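Below is one structure, written out as structure tokens; the observations come after it.
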Amino acid sequence: MSLFGQGVLEAIRLLLTGDPEVWQITWLSLQVSATATLLSLLLGVPLGAGLALSRFPGRPIVVSLVNTGMGVPPVVVGLFVTILLWRNGVLGALELLYTPTAMVVGQLVIAAPIVTGLTLAAVQQVPEAFRLQLLGLGASRPQMIWVLLREARLPMLAAVMAGFGGVISEVGASMMLGGNIKGSTRVLTTATVLETGKGNFDLAIALSVILLVITFLVNWALSWIQQRRPA
Amino acid sequence: MTARSRVGVWLLLVALLVVPAGPAAAQSGVVIVSTTTSTQDSGLLDVLVPMFERKTGLSLKTISVGTGQALALAARGEADVTLAHAPSVEKKYVEEGKMSNRRLVMYNDFVIIGPAEDPAKVKGVPHAVEALRRIAESQSRFVSRGDKSGTHVLEQGLWTQAGLEPKSAWYIESGQGMGQTLGIANERRAYTLTDRGTYLAFARRIDLPIMVERDRPLLNVYSVMEVNPANGPRVNAAGGKAFAEFMLAPETQAVIRTFGVDKYGQALFVPIAGKKDEDL
Numbered sequence: 001m002s003l004f005g006q007g008v009l010e011a012i013r014l015l016l017t018g019d020p021e022v023w024q025i026t027w028l029s030l031q032v033s034a035t036a037t038l039l040s041l042l043l044g045v046p047l048g049a050g051l052a053l054s055r056f057p058g059r060p061i062v063v064s065l066v067n068t069g070m071g072v073p074p075v076v077v078g079l080f081v082t083i084l085l086w087r088n089g090v091l092g093a094l095e096l097l098y099t100p101t102a103m104v105v106g107q108l109v110i111a112a113p114i115v116t117g118l119t120l121a122a123v124q125q126v127p128e129a130f131r132l133q134l135l136g137l138g139a140s141r142p143q144m145i146w147v148l149l150r151e152a153r154l155p156m157l158a159a160v161m162a163g164f165g166g167v168i169s170e171v172g173a174s175m176m177l178g179g180n181i182k183g184s185t186r187v188l189t190t191a192t193v194l195e196t197g198k199g200n201f202d203l204a205i206a207l208s209v210i211l212l213v214i215t216f217l218v219n220w221a222l223s224w225i226q227q228r229r230p231a
Numbered sequence: 001m002t003a004r005s006r007v008g009v010w011l012l013l014v015a016l017l018v019v020p021a022g023p024a025a026a027q028s029g030v031v032i033v034s035t036t037t038s039t040q041d042s043g044l045l046d047v048l049v050p051m052f053e054r055k056t057g058l059s060l061k062t063i064s065v066g067t068g069q070a071l072a073l074a075a076r077g078e079a080d081v082t083l084a085h086a087p088s089v090e091k092k093y094v095e096e097g098k099m100s101n102r103r104l105v106m107y108n109d110f111v112i113i114g115p116a117e118d119p120a121k122v123k124g125v126p127h128a129v130e131a132l133r134r135i136a137e138s139q140s141r142f143v144s145r146g147d148k149s150g151t152h153v154l155e156q157g158l159w160t161q162a163g164l165e166p167k168s169a170w171y172i173e174s175g176q177g178m179g180q181t182l183g184i185a186n187e188r189r190a191y192t193l194t195d196r197g198t199y200l201a202f203a204r205r206i207d208l209p210i211m212v213e214r215d216r217p218l219l220n221v222y223s224v225m226e227v228n229p230a231n232g233p234r235v236n237a238a239g240g241k242a243f244a245e246f247m248l249a250p251e252t253q254a255v256i257r258t259f260g261v262d263k264y265g266q267a268l269f270v271p272i273a274g275k276k277d278e279d280l
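Going line by line, the protein sequences match chains X and H.
With the first letter of the first sequence counted as 1, position 51 gets the number 51 in the numbering used here; the numbers rise by one all the way through.
With the first letter of the second sequence counted as 1, position 2 gets the number 2 in the numbering used here; the numbers rise by one all the way through.
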């Protein structure tokens, strides 16, 4: 049988037999990336909406910076955050390096610009006339922003998917910040790199398949929310 | 969809999202060991780490990187103890006072492998240096790790002894781990230098037989070194020492002696606690 077929079978076997290590790795991947995505929403949605609705000098530069941030390689984020978290670094006293929390921080830095940038685009595509109409009808500014965000919820769910997809699949930052420690900071992507390095290609393929399935399930759930028609 | 089921979906999502990503372990009882990829890729650490944690009650974090990075991290005080395999570089760090108490733990050996056609005619050559000279003369492809790992450092030492500085199209620098490098050598039908453990782990996937082996310069000696607490503000010197002592303890050395027999039919490492470089 082909190597890939073996890998897929191995993935099914690992999941069905409830291999504790694979489940733990899978669960940790989900926890870290979901937490980072949630935090990036808390940060990115207000930032993106604020940027979309405000006009100030230097705004074009800030928008360009956000859009650049959407494409910053995870390995660069990993390196910079690692240096910050080093024992000798600015935040060394927190002793966060090589913990899941450090991975969340790194993934937050990766996801936040993505969510900010896509929220900015989503809110901006709501016609200006609609906004003025809301204010004309007597809506307060917070009320207006809330309605705008509701109006922009479809593209904003796309922002959630892009943010989550960006962090669950990245390996560079997780490797540097977590250290790929067995039972503690090993996630699906870093485990895949390790097993490839060990020559266990079937296990590496199995881990990749699990990662693909999870990413699909999360996006399927989000798409379902996005695409359903209001009752 | 009703408003209630909609709320349910959101609650479910939020419940999934807000689960804390594991508490950041209190790091006082934590020992960080910087080590090389070969100790992790061979699976040896997976056996030794739980043993150490059971014995000492400390929590051990192993950061597996190239030897160059492992030592650089230790020199910055980012690790408490180092297990590495590049004697020349290690001794430099000890001389500089960054590391102390360098003690030999175990060895395995390197082999030169290459395509069966053997274009450089090195099969059975007793000396690795002579083999490399022939590879260079015949301009046969050779894949180097090129990543300052222990393996790379040893390879560079061999080239220096041969009086050569390889820098041509036939000399390929992979910049990757041993596993990936073996894959590249296999695809390009090239020679390469590899530790025997990784070679055995990959033996069923690559088609490059052993050409040169059992030459003294091909010994791959692993040492444990403690990190000088002066390197950084948070070095756990006691924890580092505990790991060093653990690696040299008779019980641990016995585990090392038989490690790999069940999987490869031969042991991957030879324990040598108490020996000196000159004894080998």
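Note that beta-carbon positions come from the ideal geometry of N, C-alpha and C, so glycine has one too.
Everything numeric in this text was worked out from a predicted model, so none of it was measured.
Notebook entry, point to check: In chain order, which beta strand (DSSP E) runs of at least 3 residues are fully inside the stretch 147 to 193 of chain H?
Noted result: 171 to 173
Notebook entry, point to check: Alpha carbon to alpha carbon, what distance is there between X/Arg141 and X/Val123?
Noted result: 14 Å
Check: Alpha carbon to alpha carbon, what distance is there between X/Leu211 and H/Ala237?
Finding: 39 Å
Checklist line | Minimum C-alpha distance to X/Leu118 - residue among X/Ser40, X/Leu30, X/Ile25, X/Gly179 | finding: X/Ser40
Checklist line | the stretch 178 to 206 of chain X: positions lying closer than 8 Å to chain H by Cβ | finding: Gly179, Asn180, Ile181, Lys182, Ser184, Leu194, Thr196, Gly197, Lys198, Gly199, Phe201
Next item on the list: Go ahead and pull the three-state DSSP assignment for H/Asn108.
Entry: strand
Notebook entry, point to check: Just how far apart, CA to CA, sit X/Met156 and X/Ala49?
Noted result: 11 Å
Notebook entry, point to check: Along the chain, where does the alpha helix (DSSP H) that runs through H/Thr35 open and close?
Noted result: Careful: H/Thr35 lies outside any alpha helix (DSSP H), inside the beta strand (DSSP E) at 30 to 36.
Next item on the list: Enumerate in chain order the residues of its own chain whose CB-to-CB distance from X/Met144 is below 8 Å, with the five nearest sequence positions on each side excluded.
Entry: Arg131, Leu134, Leu135
Next item on the list: Could you tell me how far apart the beta carbons of X/Ala158 and X/Ala111 are, in whole angstroms, since I believe they sit closer than 8 Å?
Entry: At roughly 13 Å, the Cβ-Cβ gap does not stay under 8 Å, so X/Ala158 and X/Ala111 are not in contact.
Next item on the list: Can you check DSSP and say which residues form a bridge with H/Asp130?
Entry: Checking the displayed sequence, the identity of residue 130 of chain H turns out to be Glu instead of Asp. As far as DSSP is concerned, H/Glu130 takes part in no beta bridge.
Notebook entry, point to check: Count the other CB atoms within 10 Å of the CB of X/Asn180; is the residue buried (16 or more) or exposed (fewer)?
Noted result: buried
Notebook entry, point to check: Starting from X/Leu28 and walking both ways along the alpha helix (DSSP H), at which residues does that stretch end?
Noted result: From DSSP, the alpha helix (DSSP H) with X/Leu28 extends over 20 to 53.
Notebook entry, point to check: Can the beta-carbon of H/Tyr199 be found closer than 9 Å to that of H/Val111?
Noted result: yes
Notebook entry, point to check: What are the residues that DSSP puts in a beta bridge with H/Ser100?
Noted result: H/Glu226
Margin query: So, at 8 Å on beta carbons, what are the nonlocal neighbours of X/Glu10 in its own chain, with the 5 sequence-adjacent residues on each side left out?
Written below: In chain order, Asp202, Leu203, Ile205, Ala206 place their CB closer than 8 Å to the CB of X/Glu10, counting only its own chain and leaving out the 5 sequence neighbours on each side.
Checklist line | Assigned exposure category for X/Ser64 - 16 Cβ within 10 Å defines buried | finding: exposed
Check: Taking Cβ-Cβ distances shorter than 7 Å, what residues in chain X pair up with H/Phe202?
Finding: Gly199
Check: Would you call the stretch 38 to 50 of chain H and the stretch 185 to 199 of chain H touching, i.e. three or more CB-CB distances under 8 Å?
Finding: Touching, yes.
Item checked: Backbone secondary structure at X/Thr17 - three-state DSSP -> coil
Next item on the list: Classify H/Leu83 as helix, strand or coil using the three-state DSSP reduction.
Entry: strand
Next item on the list: Please classify X/Thr190: is it buried, with 16 or more other beta-carbons within 10 angstroms of its beta-carbon, or exposed?
Entry: buried
Check: How many angstroms separate the CA atom of H/Gly175 from the CA atom of H/Gly146?
Finding: 5 Å
Note to self: Between X/Glu95 and chain H, is any beta-carbon pair separated by less than 9 Å?
What the structure shows: yes
Check: Hey, is the stretch 246 to 261 of chain H in contact with the stretch 45 to 64 of chain H, meaning 3+ C-beta pairs nearer than 8 Å?
Finding: yes
Check: Is the stretch 84 to 93 of chain X touching the stretch 81 to 98 of chain H, taking contact as three or more C-beta pairs under 8 Å?
Finding: no
Margin query: Between H/Val33 and H/Met225, how many whole angstroms is the CB-CB distance? I'm expecting something under 8 Å.
Written below: Actually they do not touch by this definition, with Cβ atoms about 10 Å apart.
Note to self: According to DSSP, simplified to helix, strand and coil, what is H/Phe142?
What the structure shows: In this structure, H/Phe142 counts as strand in the three-state DSSP scheme.
Next item on the list: Verify whether the separation of the beta carbon atoms of X/Leu51 and X/Val66 is less than 9 Å.
Entry: A contact, by the Cβ cut-off of 9 Å.
Margin query: Residues in the same chain with beta-carbon distance under 8 Å from X/Phe216, minus the five sequence neighbours each way, listed in chain order, please.
Written below: none
Next item on the list: Kindly say whether H/Thr192, judged by its beta-carbon, lies nearer than 9 Å to any beta-carbon of chain X.
Entry: no
Item checked: Beta-ladder partner(s) of H/Pro233, from DSSP -> Answer is none; H/Pro233 lacks a bridge partner.
Next item on the list: Measure the alpha-carbon distance for H/Pro126 versus H/His152 and round it to whole angstroms.
Entry: H/Pro126 and H/His152: Cα-Cα distance of roughly 21 Å.
Notebook entry, point to check: Under a three-way DSSP split, which group does H/Gln27 fall into?
Noted result: Any answer about H/Gln27 is weak, because its pLDDT of 47 lies below 50 and its placement is not dependable; what the coordinates show is given next. Note: H/Gln27 maps to helix in three-state DSSP.
Checklist line | Three-state secondary structure assigned by DSSP to H/Asn220 | finding: strand
Item checked: chain H contact residues for X/Gly234, given Cβ-Cβ distances below 9 Å -> The requested residue 234 of chain X does not occur in the structure, where chain X is confined to residues 1 to 231.
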